[in-house]
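Protein chains in written order, with the UniProt record's numbering: chain A, 1 to 233; chain B, 1 to 233; chain C, 1 to 233; chain D, 1 to 233.
What follows is the structure in structure tokens.
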């Protein structure tokens, strides 16, 4: 792959995920520092599509910017810092509220895998409900205890759904994360459309295991496609 | 915030709300005069997206332009003048027929809050039916008695649904109004999609109260995002 | 109104109706000659959006071009010529297969009026089934007997649905026709979305009569909006 | 028709089918060599919309490039080579996973013909399930035995659905293939929308036979329309 800097990757991911309807004015995506696992990159509080590389800040795993700044921060950045602490295998994280995923967060529906590309989400997508552990809240994950609870629920899965809220997706690399986030949403859309007409046929665990390992070339092919679709690509 | 004039804010809101599918060739948005509470700003009768600052007129609370003009006026401008009279706390109003909200105006469905951002609509969204008080009409709210009836139904809520017609939304500022109008529609869309699959989980009144107060920074973040999405932004 | 020529009006209508998802590569729109009621204007066979004024031909009421031409003609132009013969009050016609209207042509659903603007379609929208009178066909209306049967079914209504095929809409002017075609489709969309959730509230015949008469200013407002949305407007 | 080269036709088809939502970052389209039936043209592995004429390679019917190349190949190119071997009448092939067709691959729904243009898919669209013959797989068709099984299931039809995967469409020419792929998806969309409301009226076999033969002018009219819709057309 090219020697793209974390600043470039984070802003590209922000724009791609917005263009592909995963993010809108809200939601955020981060990546771990490539050489210092105790640091990660995330933008200041801003609509993801509008972020430039100058908006990408470096954070430590307590969730605070490494360099003091007067800029506003995402109130939910604790999701990222806690997950980077708990999951050493994770190098990129996206928290979103895509309309494709929300029906699974509202109705009594189980997210399954229905296509080869959708297998990127993996065999188990657990559901976390902030209300269960924390009672009545504004549904923002801003406290360490909430983020830890979310991380426990995620376990070693690739994605966790959040009741009445959205989803948090993790990846081994930014390309894998973007691929998983987008094709997770696409797979969700397809099964929603099909479920309108009754029972559907889904991938077995064995098939998910066989289909869900994507070579770098597959991730790159999709990445270049989404990149080409950016405004002013 | 910047020192944007009412004329700028009204035309920006018109364009944003059209771009985000709240308005189309019809519907309208107004704001109260910042220093004279007995006046408000609204465009002449025109498709909202096409209005320029020269199309923004100043009205008094009887619903008539302050300066005589030969220009055609919105037949439903009485909605705005009556609501500004009845609700001193309201500084901006949008009347729309968004496809996101119409199913709630046609089917026997209750609009709920299902996301943090959707809490902007508040705990109670009453339903007004012109037919109940006024019999067979063309469904345009053009008489003071109709507007008063609508205002009574709205009460101190943030939004009122209108049977077989649309919705009227109010806000303390233009930014709050635009945020509430758009995220109200987004929340409606999400619950419609989910309701296809049976019962859904919704916010409690306590959660709506906790989630529904948005800091100015949140409103501004969304405002800048929608502004960036305008044609020729 | 401006002194737009029939050639300009026909090409504008073609482009607007495509932009608003009434037409695609197929479907067609015509208008009667403003001074010679025995003539009408329609393009040669071409995707509507691609037609220029040079593609607009003059036809007589037998459905043949007034000037001989080597250009291919729409195979269904007989719909237009027969309707102009049968309905002296009609000055513009659109035949389309909009996805908004097709569910009413396939499922056992009755098209109703659910909004003020949708009242443009009028109180009765009859359903015509080519199969009933003509047995197994390719579903193109290419014979005079088929077009006459369609016209009989239309009667004095504003629109007729065609089973497994689409819709034919008529208007007193091009602006009225375009307004009726687009808001007919919008109204159909809204009721489809609402019908997913059970019974819906619809306009009464009296309300349709009250709402369905639109002043020229209303038609012009929508016309200018749609015109502004054309590519290279 | 113009003397367009296979390289031009393949890249145009790739772009049109992406623009019309048949392909996305995945899926592929090929055409047989116009003078050497033992060869066909397909791009290297790349998102279809991004392919230039330089990306179009010549393959033999074993599925290998005629000239050795270091470029990555589509892992499912065996679908094309086997179908060109088995179906001498076929000169163009598209394999896709369009969201319009996927509900038929997931739910217990039979694809029917509901419009004149949709008759392009023909009377029988068989369903192939890789799981039946090959057990648990990653759902990619990469082995000759799998492609042969798919071809057997297709038989002399125009299209075969693939359970939990997508569709493979064949045509006598590139124009016919593109027309069939797109209007097949459009017809699928229409029936899905209508099926939400219960039983629907569909074309009989006799009507499909009457409607499904399209003159070259019809294919060309649609082709020019889709071409005009390409970015930078």
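In this text, a Cβ means the ideal position worked out from N, Cα and C, and glycines have one as well.
query: Mind listing which residues of the region 100-111 of chain C have their C-beta closer than 7 Å to chain D's C-betas, in chain order?
result: Taking 7 Å as the upper bound on Cβ-Cβ separation, chain D lies near residues 102, 103, 106, 107, 108, 109 of the region 100-111 of chain C.
- prompt: Looking at the C-beta of residue 164/A, does it have a partner C-beta in chain B at a distance below 8 Å?
  reply: yes
query: Using the rule of at least 16 other Cβ atoms within 10 Å of the residue's Cβ for burial, across every protein chain shown, is residue 67/C buried or exposed?
result: exposed
Classification of residue 115/D by the beta-carbon crowding that lies within 10 angstroms, buried from 16 upward: buried
- prompt: Taking 8 Å as the CB-CB limit, is residue 188/B close to chain C?
  reply: No - not a single Cβ of chain C is within 8 Å of the one on residue 188/B.
query: Where does the unbroken beta strand (DSSP E) through residue 28/D begin, and where does it stop?
result: 28-32
Neighbour-count burial assignment, residue 71/C, 16 or more Cβ in a 10 Å radius: Within 10 angstroms of the beta-carbon of residue 71/C lie fewer than 16 other beta-carbons, which makes it exposed.
task: Would you mind stating whether residue 167/A and residue 159/A have Cβ atoms separated by less than 8 Å?
output: yes
query: Can you give the Cα-Cα distance for residue 221/C and residue 25/B, rounded to whole angstroms?
result: 7 Å
task: Would you list, in chain order, the members of the region 123-142 of chain D that have their beta-carbon closer than 7 Å to a beta-carbon of chain A?
output: 136, 137, 138, 139, 140
message: Does chain C have any CB closer than 8 Å to the CB of residue 79/B?
response: no
query: Which residues in chain A sit within 7 Å of residue 201/B, going by Cβ to Cβ distance?
result: 106, 163, 164
message: If distances are taken between C-alpha atoms only, which option among 207/C, 119/C, 38/C, 73/C comes closest to residue 87/C?
response: 38/C
Close Cβ partners of residue 84/C (< 7 Å) along its chain, the five nearest in sequence each way excluded: 32, 40, 61, 90
query: Is the region 115-133 of chain C touching the region 186-200 of chain C, taking contact as three or more C-beta pairs under 8 Å?
result: With a cut-off of 8 Å, the region 186-200 of chain C and the region 115-133 of chain C count as touching, because enough Cβ pairs lie within range.
query: residue 103/B by DSSP, collapsed to three states: which one?
result: helix
field: Cutoff 7 Å; reference residue 208/D; Cβ partners in own chain excluding five residues on either side
entry: Within the same chain, and ignoring the five residues on either side of residue 208/D in sequence, the residues whose Cβ sits closer than 7 Å to its Cβ are 113, 119, 122, 123.
- request: Report all residues from its chain with a CB closer than 7 Å to the CB of residue 212/D; omit the five preceding and five following residues, and keep chain order.
  value: 119, 120, 122
- request: Using a Cβ-Cβ cut-off of 8 Å, state whether residue 46/A counts as contacting chain B.
  value: yes
query: Among residues of its own chain, excluding the 5 on either side of residue 105/B, which ones have a beta-carbon nearer than 7 Å to its beta-carbon?
result: 161, 162, 163, 164, 165, 166
message: Less than 8 Å between the C-beta atoms of residue 108/D and residue 198/A, yes or no?
response: yes
message: Give the list of continuous alpha helix (DSSP H) stretches no shorter than 4 residues that lie fully inside the region 71-143 of chain B.
response: 78-86, 102-106, 130-134
task: Taking residue 49/C as the query, report the chain D residues whose CB atoms sit under 9 Å from its CB, ordered along the chain.
output: Listed along chain D, the residues sitting closer than 9 Å to residue 49/C by beta-carbon distance are 225, 228, 229.
message: Tell me the rounded alpha-carbon separation between residue 2/B and residue 9/B.
response: Here residue 2/B scores only 48 on pLDDT, less than 50, and its place in the model is too uncertain to base an answer on.
query: When Cβ atoms are compared, which residues of the region 194-223 of chain C fall closer than 9 Å to chain D?
result: 195, 196
query: Candidates 97/A, 142/A, 55/A: which alpha carbon is nearest residue 27/A's?
result: 97/A
task: Output yes if chain C places a C-beta closer than 8 Å to the C-beta of residue 28/B; else output no.
output: no
message: Once DSSP output is grouped into helix, strand and coil, what is the label at residue 203/B?
response: coil
task: Give the DSSP-derived three-state secondary structure of residue 184/D in the structure shown.
output: helix
message: Contact defined as beta carbons within less than 8 Å: I believe residue 43/D pairs with residue 22/D. What is the distance between those atoms, to the nearest angstrom?
response: Residue 43/D to residue 22/D, Cβ: 15 Å. No contact.
message: Within 10 Å of its beta-carbon, does residue 30/C have 16 or more other beta-carbons around it, so buried, or fewer, so exposed?
response: buried
query: Helix, strand or coil: which one does DSSP assign to residue 156/D?
result: coil
message: I'd like to know if residue 236/C contacts chain B, where contact means its C-beta is closer than 8 Å to some C-beta of that chain.
response: The question about residue 236/C has no answer, for chain C in this structure spans 1 to 233.
- prompt: Excluding five sequence neighbours on each side, which residues of the same chain lie with their C-beta closer than 7 Å to the C-beta of residue 46/A?
  reply: 55
- prompt: Quick one: is residue 187/C buried, meaning 16 or more other Cβ sit within 10 Å of its Cβ, or exposed?
  reply: Burial state of residue 187/C is buried, judged by a 10 Å Cβ sphere holding 16 or more other Cβ atoms.
query: Taking DSSP as the reference, what is the three-state secondary structure of residue 17/C?
result: Three-state result, residue 17/C: helix.
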